[in-house]
Each structure stands twice: as C-alpha cells, then as structure tokens.
Amino acid sequence: MSLIENLKWRYATKRFDSNKKLNSANLELLKESVRLSASSYGLQLYKVLIIEDEKMKALLKDASWGQAQITEASHIFVFCNYSKVTSQQIDEYLQLKASIQNLKTDDLKAYGDFMKNTLLGMAEEQMNNWTAKQCYIALGNLLAASADLKIDACPMEGFEPEKYNKILGLKAKGLNAAVIAAVGYRSQDDQTQFAAKVRKPLEELFETI
Ligand SMILES: Cc1cc2nc3c(=O)[nH]c(=O)nc-3n(C[C@H](O)[C@H](O)[C@H](O)COP(=O)(O)O)c2cc1C
C-alpha cells in the first residue's frame, strides 16, 4: 500500500527550502483533501486560511515561537474553527445538503432539530473545543495528502492563537486559530529527515477485544 510507504516517508519538517514553492495544481489537490474531510454531522465548522504573503508570514513567525517553518515553507495553512455553533450555520448546511442531494428542506427539519437540540445547548467553551477538534481531522487529511504528493509538511500547535486571531482579524469573523500546518519542500540541511521514526509498537497501541 503506497499510503503506508508515503507515511513512512513524511516527517514533521523543521527546515524547508524557501526557494521551492508549491505549484497551483498541487495546492488545489491539498485544498481538495481538506474540503473532503469528514466532520461531525458534515457541518465543517471551520475556515482554512492559506498564507503565502511573505510579510504576513514574517508577522506570524513572531507569533509562532520564532519557528523557522513559518517563513521558510511555501504555504501556511491556518485551520480556524468557528468559536460558536449557531442555528444559522445548521440551516445553511441543511440548505446546501438539500440542493446537492435534491431533497426538500422540509424533509430535513427533524434532522435539523436534532442537531440544534444537541449542539446549541453546549456551553461556549465546549462549542469552541468541539469545533476546534474538527480542524484536526482536516489537518490529518492534509498531512496524508501531502505525503501522497511527496510534499513536506509540519503540523504545528506551537503558536499563540490570540496573536494569530489579532493579526489575521479572525475574532470579527467568529473564528479562532486552532492549529496550523507549514507545507512545502524539505531543505537538504534538515537533519530531522534522517532520524528514525519513533512510534509505539502495534501491540502496545492496539488491543483487540
Ligand atoms: C497537533 C500537532 C502539533 C505539533 N506542533 C509542532 C510544532 O509546533 N513544531 C514542530 O516542529 N512540530 C510540531 N509537531 C510535530 C510533532 O512533534 C511530530 O509530528 C511528532 O514528533 C512525530 O514525528 P513525525 O511527524 O516526524 O513522524 C506537532 C504535531 C502535531 C500533530
């Protein structure tokens, strides 16, 4: 299975070759891998910013513990979750589903009510945590798709979300920076690429019942 080989090939890249940029065809494939990600109820309560502007990258590096990936990588994906779940978001999803699947919105009312009863009662912090978790599923797809295309990536939580929110004007849009990924091509000088993968043995990680 080539996916496994590609997952062995990938690693959390520390130093990117800043002269190598993603071409637009590959960028579109990575975006599609994020778009096709599974999400709870299919709501996709996040937005993904793709940063390629060098000045913006420099600003974000300061808010990312000075990590070199931010300015050396070709693109930075910023996964932003919606901090709150609203009735409007659920209605918009139902309208989209009805139009794509040729259904009547009335027939989806019971499903909508079920989602609203389950989700809208959550406390604000719980909502924020729940929507942030969805971002990590999309991040996982981006990492796998990158590996499949032999594109390097580094998933990153080493940044200050409040600073990102401010720099990128996220709060006003109801968004919050949850997790990011630097994407591009490894520098031949990145020593991390030569280190053996550290993973728990299968028998420790899995238990069959
Ligand atoms: C959610 C998440 C956040 C991470 N944050 C950082 C980070 O800020 N900086 C960094 O260099 N690596 C970061 N990593 C990379 C991990 O350290 C790395 O994935 C792990 O050590 C396994 O190594 P591998 O991905 O090279 O196989 C992060 C990984 C994940 C999944």
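Quick note: the sequence shown uses the working numbering, first residue 10, plus one each step. Cβ atoms here follow ideal geometry from the backbone N, Cα and C, with glycine treated the same way.
The nearest non-hydrogen atom of ligand 1 is less than 7 angstroms from the C-beta of Lys-206. By the Cβ test, the region 176-187 is in contact with the region 81-90, since at least three Cβ pairs between them sit closer than 8 angstroms. Bridge pairing for Cys-163: Ala-191 [DSSP].
The continuous beta strand (DSSP E) containing Leu-58 extends over residues 55-60. As far as DSSP is concerned, Cys-144 takes part in no beta bridge.
If you check the C-beta of Gln-76 against ligand 1, you find a heavy atom less than 7 angstroms away.
For Ile-13, the three-state secondary structure derived from DSSP is helix. Residue Tyr-20 holds the alpha-carbon nearest to the alpha-carbon of Lys-206 among Gln-200, Ile-13 and Tyr-20. Taking the CA atoms as reference points, Phe-123 sits about 41 angstroms from Ile-79. Every alpha helix (DSSP H) stretch that sits fully inside the region 64-103 and reaches 4 residues is listed by chain position as 78-81. The beta carbons of Ala-204 and Cys-163 sit about 14 angstroms from each other, so the pair does not count as a contact at 8 angstroms.
Assignment of Ala-107 by DSSP, reduced to helix, strand and coil, places it in the helix class. Selection Gln-97, Leu-158 and Lys-40 evaluated against Ile-85 yields Lys-40 as nearest (Cα-Cα). Contact between the region 26-36 and the region 191-199 is present: three or more C-beta pairs spanning the two stretches fall below 8 angstroms. By the Cβ neighbour-count rule, Arg-208 is exposed, with fewer than 16 other Cβ atoms within 10 Å of its own. Lys-70 is not a Cβ neighbour of Thr-201, given a cutoff of 8 angstroms. Rounded to the nearest whole angstrom, the CA to CA distance from Lys-125 to Leu-103 is 12 angstroms. Look at which beta carbons fall closer than 5 angstroms to any heavy atom of ligand 1; those residues are Tyr-20, Ala-21, Pro-164, Met-165, Glu-166 and Gly-167. Looking at Glu-61, Leu-54, Asn-15 and Gly-51, the one whose alpha-carbon comes closest to that of Leu-36 is Glu-61.
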